[in-house]
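**Q** What follows is a single structure, and I will ask about it in a moment.
2 protein chains.
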Amino acid sequence: MDHYLLLFLLLAAALSSASSRIILRILPGAGVPSEDYLYCDSWRLSVETNNAGFWDTIPARCVGFVDLYMNGDRYDSDSQVVAADAISFARSLRLAGGGVNAWIFDVDETLLSNLPYYKGVGFGSEIFNETAFDEWVDLAQAPALPASLKLYKDLQQLGFSLILLTGRSEAQRNSTEKNLLFAGYRNWERLILREASDIGKSAVIYKSEKRAQFEAQGFRIYGNSGDQWSDLLGAPVAKRSFKLPNPMYYIL
Amino acid sequence: MDHYLLLFLLLAAALSSASSRIILRILPGAGVPSEDYLYCDSWRLSVETNNAGFWDTIPARCVGFVDLYMNGDRYDSDSQVVAADAISFARSLRLAGGGVNAWIFDVDETLLSNLPYYKGVGFGSEIFNETAFDEWVDLAQAPALPASLKLYKDLQQLGFSLILLTGRSEAQRNSTEKNLLFAGYRNWERLILREASDIGKSAVIYKSEKRAQFEAQGFRIYGNSGDQWSDLLGAPVAKRSFKLPNPMYYIL
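Read top to bottom, the protein sequences are chains C and D.
When you line the first sequence up against the numbering used here, it's residues 1 to 252, in that order.
When you line the second sequence up against the numbering used here, it's residues 1001 to 1252, in that order.
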């Protein structure tokens, strides 16, 4: 059947359905069976709310779903709405001067998208391969998440000091800076990576310690944007935390 | 066009689409335009992750979406997956004896579903009407959330003491007990409602104070199930918290 005939049939079916309150959705991408789509969408919600707790790989039945989610329009839409929540909060604040007003950003899946890498490893269905991922990091070619790049610039315009706090190691500072510049990020206040003394700490501990240090240095941490709960939980917390979507991996 | 012809067209379209990797979804319910569906689904995620912060009514454009979500199979599926996360955590524990192992449940939209009430007020698109809601509470006819009722029974079987902690007031104790029994709940350890001294406290403060009291009484709070972030946040927290879905209202 050619595509014109298909389109005609879809149109005819859609028109006929208006009165019977049935709607048709045409989704591009992998052919995910309905029951998998329903389950995987609920699984994704349980991941995004941290209900699922620790997990190491995405469920095998959800590979097609995650492909569809990441490469269709849902990931972009979800990212846009988180960014809108963040900027709306930022604009509601009455800020003191002096550069003490801070906003923290995580890097991977927050400022930068590693989707080109994760496409090659089944969208998180394979066990994390540190060597292969480090090679990808060294390429320094991860694109920006468009919604985050806009939020980053808008926050700078409002006068926030932007602190980038990543689980990447100091050994990756050069490639990380290069990649951030490649993706369009400029003029961050700090880029904090794991030093030797941070290796082995959980992300929650490492990032909470760093937030405590920033506060001790006089920063007021208004916002914190990250795709992992371990970016956001632990004392001290930011005044508001913003959980970006990431159905591909979980970091403790 | 009659329904047989519609079905034929859908089938023909679906078959024709297999090779071009387009999938058709037929969703029952209100005819939500695609761009609203996409936006409202992202709005819902921002609510469930607490990114949205406080909100008083659902967006006007999302009434049809929330109807579809609550009355289609998604709400049930999301509720089932949260319950599965909870019971899987509970089964992983090595519990001490003596009835000190506690699990906290919120009541509204956690054990009981007020969907029959919210259907009549636009699924949360109208400002909360306390008088009308209290009349509904007095009817004591809210059904159980099926996934929560099963979780409740399974946790009892494992030996947990179940503490029900609700923002409802002591004046509603009788109707709340009656409703819980009507819905199939039995043998809770405690049912805690707001006393006079709790009126005016935010839910986070009121519920955190109660959790602190339970701990002082010797309970170990392993799990906490609630549809509001104000059920779950604040010190002390349970070892694991489980956020049930609720796109209809937000309680501070």
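Cβ atoms here follow ideal geometry from the backbone N, Cα and C, with glycine treated the same way.
#1: Determine, for GLY53(C), whether the minimum Cβ-Cβ distance to residues of chain D falls below 8 angstroms.
#2: Compute the distance between the beta-carbons of ILE199(C) and GLN228(C), then report whether it is under 8 angstroms.
#3: Starting from THR1049(D), find everything on chain C with Cβ-Cβ shorter than 7 angstroms and list it in chain order.
#4: Let's test the definition: count the other Cβ atoms within 10 Å of the Cβ of LEU1155(D) and tell me whether it reaches 16, buried, or not, exposed.
#5: Give the residues from the segment 185-219 of chain C that approach chain D closer than 8 angstroms (Cβ to any Cβ), ordered along the chain.
#6: Could you give the residue range of the alpha helix (DSSP H) that holds GLY1167(D)?
#7: Under a three-way DSSP split, which group does ALA1086(D) fall into?
#8: Mind checking if LEU1252(D) is an interface residue toward chain C, Cβ cutoff 8 angstroms exclusive?
#9: Quick check on ARG1074(D) - is its C-beta less than 8 angstroms from some C-beta in chain A?
#10: Comparing the C-beta of TYR39(C) with each C-beta of chain D, is any distance below 8 angstroms?
#11: How would you write the range of the alpha helix (DSSP H) that ALA203(C) sits in, first residue to last?
#12: Give every residue of the same chain whose Cβ lies closer than 7 angstroms to the Cβ of LEU93(C), excluding the five residues on either side of it in the sequence, and list them in chain order.
#13: Three Cβ pairs or more, each shorter than 8 angstroms: is that satisfied between the segment 1206-1222 of chain D and the segment 1234-1248 of chain D?
#14: Looking at SER1042(D) and SER77(C), is the spacing between their C-beta atoms short of 8 angstroms?
#15: Does the count of Cβ pairs from the segment 171-188 of chain C and the segment 203-218 of chain C closer than 8 angstroms reach three?
#16: Is the shortest distance between the beta-carbon of TRP1136(D) and the beta-carbons of chain C less than 8 angstroms?
#17: Starting from SER1042(D), trace the alpha helix (DSSP H) in both directions and tell me its first and last residue.
#18: Which residues in chain D have a C-beta closer than 8 angstroms to the C-beta of ASP85(C)? List them in chain order.
#19: Within a Cβ cutoff of 6 angstroms, which residues of the same chain sit near LEU27(C), ignoring the five residues on either side of it in sequence?
#20: Can you check whether the C-beta of TRP1103(D) is within less than 8 angstroms of a C-beta belonging to chain C?
#21: Over the uninterrupted beta strand (DSSP E) stretch that includes ALA102(C), give me the two end residues.
#22: For MET248(C), is the classification buried or exposed, using 16 other Cβ atoms within 10 angstroms of its Cβ as the cut-off for buried?
#23: Taking the alpha-carbon positions, what's the ILE192(C) to LYS1153(D) distance?
#24: Nearest-angstrom Cα distance between ALA1090(D) and ASN1101(D)?
#25: Could you tell me whether the Cβ of SER113(C) comes closer than 8 angstroms to any Cβ of chain D?
#26: If contact means a Cβ-Cβ distance below 9 angstroms, which residues of the segment 141-169 of chain C contact chain D?
#27: Which residues mark the beginning and the end of the alpha helix (DSSP H) in which LEU1149(D) is found?
#28: My guess is that VAL63(C) and PHE123(C) are in contact by the Cβ rule of under 8 angstroms, so how many angstroms apart are they, rounded?
#29: For chain D, check one thing: does any of its Cβ atoms lie closer than 8 angstroms to the Cβ of VAL63(C)?
#30: Do you know offhand how far GLU1195(D)'s Cα is from ARG1211(D)'s?
#31: Is the Cβ of ARG1240(D) closer than 8 angstroms to any Cβ of chain C?
#32: So with CB distances below 8 angstroms, who are the chain D contacts of SER77(C)?
#33: Name the chain D residues whose beta carbon is nearer than 8 angstroms to that of PHE89(C)?
#34: Closest Cβ-Cβ distance between VAL1081(D) and chain C: below 8 angstroms?
#35: If PRO1245(D) and TYR1075(D) are in contact, beta carbons under 8 angstroms, what's the gap, nearest whole angstrom?
#36: Report the three-state DSSP secondary structure of LEU68(C) (helix, strand or coil).
**A** By the coordinates alone:
#1: For this step, residue 53(C) is matched to residue 53 along the first sequence. Yes - at least one Cβ of chain D is within 8 angstroms of the one on GLY53(C).
#2: Numbered from 1 along the first sequence, position 199 holds the residue referred to as residue 199(C). Numbered from 1 along the first sequence, position 228 holds the residue referred to as residue 228(C). No. Outside cutoff.
#3: By 1-based counting over the second sequence, the position of residue 1049(D) is 49. What THR1049(D) touches in chain C: GLU48, THR49, LYS243.
#4: Along the second sequence, read from residue 1 onward, the residue named residue 1155(D) stands at position 155. It counts as buried.
#5: none
#6: The residue given as residue 1167(D) occupies position 167 in the second sequence. Not the alpha helix (DSSP H): GLY1167(D) falls in the beta strand (DSSP E), residues 1161-1169.
#7: Numbered from 1 along the second sequence, position 86 holds the residue referred to as residue 1086(D). It is helical.
#8: The sequence position of residue 1252(D) within the second sequence is 252, counting from 1. Closer than 8 angstroms to the CB of LEU1252(D) there is not a single CB belonging to chain C.
#9: Absent from the structure is chain A; the protein chains it does hold are C and D.
#10: One-based indexing of the first sequence puts residue 39(C) at position 39. Closer than 8 angstroms to some Cβ of chain D, the Cβ of TYR39(C) qualifies, so yes.
#11: Against the first sequence, residue 203(C) aligns to sequence position 203. First-last of the alpha helix (DSSP H) with ALA203(C): 203-216.
#12: Locating residue 93(C) in the first sequence gives position 93, where the first residue counts as 1. Answer for LEU93(C): TYR222, listed in chain order.
#13: yes
#14: Working through the first sequence from its first residue, we reach residue 77(C) at position 77. Working through the second sequence from its first residue, we reach residue 1042(D) at position 42. Result yes, Cβ atoms of SER77(C) and SER1042(D) sit closer than 8 angstroms.
#15: no
#16: The residue labelled residue 1136(D) in the question sits at position 136 within the second sequence. No, its Cβ sits nowhere closer than 8 angstroms to a Cβ of chain C.
#17: By one-based count along the second sequence, residue 1042(D) stands at place 42. Residues 1034-1048.
#18: As a working mapping, residue 85(C) is identified with position 85 in the first sequence. Residues of chain D passing the Cβ test: SER1046, ASN1051, ALA1052, GLY1053.
#19: Taking the first sequence and counting its residues from 1, one reaches residue 27(C) at position 27. Because LEU27(C) carries a pLDDT of 48, less than 50, the predicted location of this residue cannot be relied on, and no value is offered for it.
#20: As a first step, residue 1103(D) must be located in the second sequence, where it is residue number 103. No - not a single Cβ of chain C is within 8 angstroms of the one on TRP1103(D).
#21: Mapped onto the first sequence, residue 102(C) falls at position 102. Segment 101-105, the beta strand (DSSP E) holding ALA102(C).
#22: On the first sequence, position 248 is the one that residue 248(C) refers to. That one is buried.
#23: By 1-based counting over the first sequence, the position of residue 192(C) is 192. By 1-based counting over the second sequence, the position of residue 1153(D) is 153. ILE192(C) and LYS1153(D): Cα-Cα distance of roughly 48 angstroms.
#24: Within the second sequence, numbered from 1, the residue matching residue 1090(D) stands at position 90. Within the second sequence, numbered from 1, the residue matching residue 1101(D) stands at position 101. For ALA1090(D) and ASN1101(D), the distance between alpha carbons rounds to 10 angstroms.
#25: Taking the first residue of the first sequence as position 1, residue 113(C) is located at position 113. Not one chain D Cβ lies under 8 angstroms of SER113(C).
#26: none
#27: Residue 1149(D) sits at position 149 when you count from the first residue of the second sequence. Where LEU1149(D) is concerned, the enclosing alpha helix (DSSP H) stretches over 1146-1158.
#28: Position 63 of the first sequence, counted from the start, is the residue given in the question as residue 63(C). Position 123 of the first sequence, counted from the start, is the residue given in the question as residue 123(C). At roughly 6 angstroms, the Cβ-Cβ gap stays under 8 angstroms, so VAL63(C) and PHE123(C) are in contact.
#29: Position 63 of the first sequence holds residue 63(C). By this cut-off, VAL63(C) is not an interface position.
#30: As a working note, residue 1195(D) is residue 195 in the second sequence. As a working note, residue 1211(D) is residue 211 in the second sequence. Each residue's alpha carbon lies about 15 angstroms from the other.
#31: As a position in the second sequence, residue 1240(D) is number 240, starting the count at 1. It does: the Cβ of ARG1240(D) has a partner Cβ on chain C nearer than 8 angstroms.
#32: As a first step, residue 77(C) must be located in the first sequence, where it is residue number 77. What SER77(C) touches in chain D: LEU1038, TYR1039, ASP1041, SER1042.
#33: Working through the first sequence from its first residue, we reach residue 89(C) at position 89. The contacting residues are GLY1053.
#34: As a first step, residue 1081(D) must be located in the second sequence, where it is residue number 81. Chain C contact via Cβ: present.
#35: The residue labelled residue 1245(D) in the question sits at position 245 within the second sequence. The residue labelled residue 1075(D) in the question sits at position 75 within the second sequence. Right, their Cβ atoms sit about 6 angstroms apart.
#36: If you number the first sequence from 1, residue 68(C) lands on position 68. Of the three classes helix, strand and coil, the one that applies to LEU68(C) here is helix, per DSSP.
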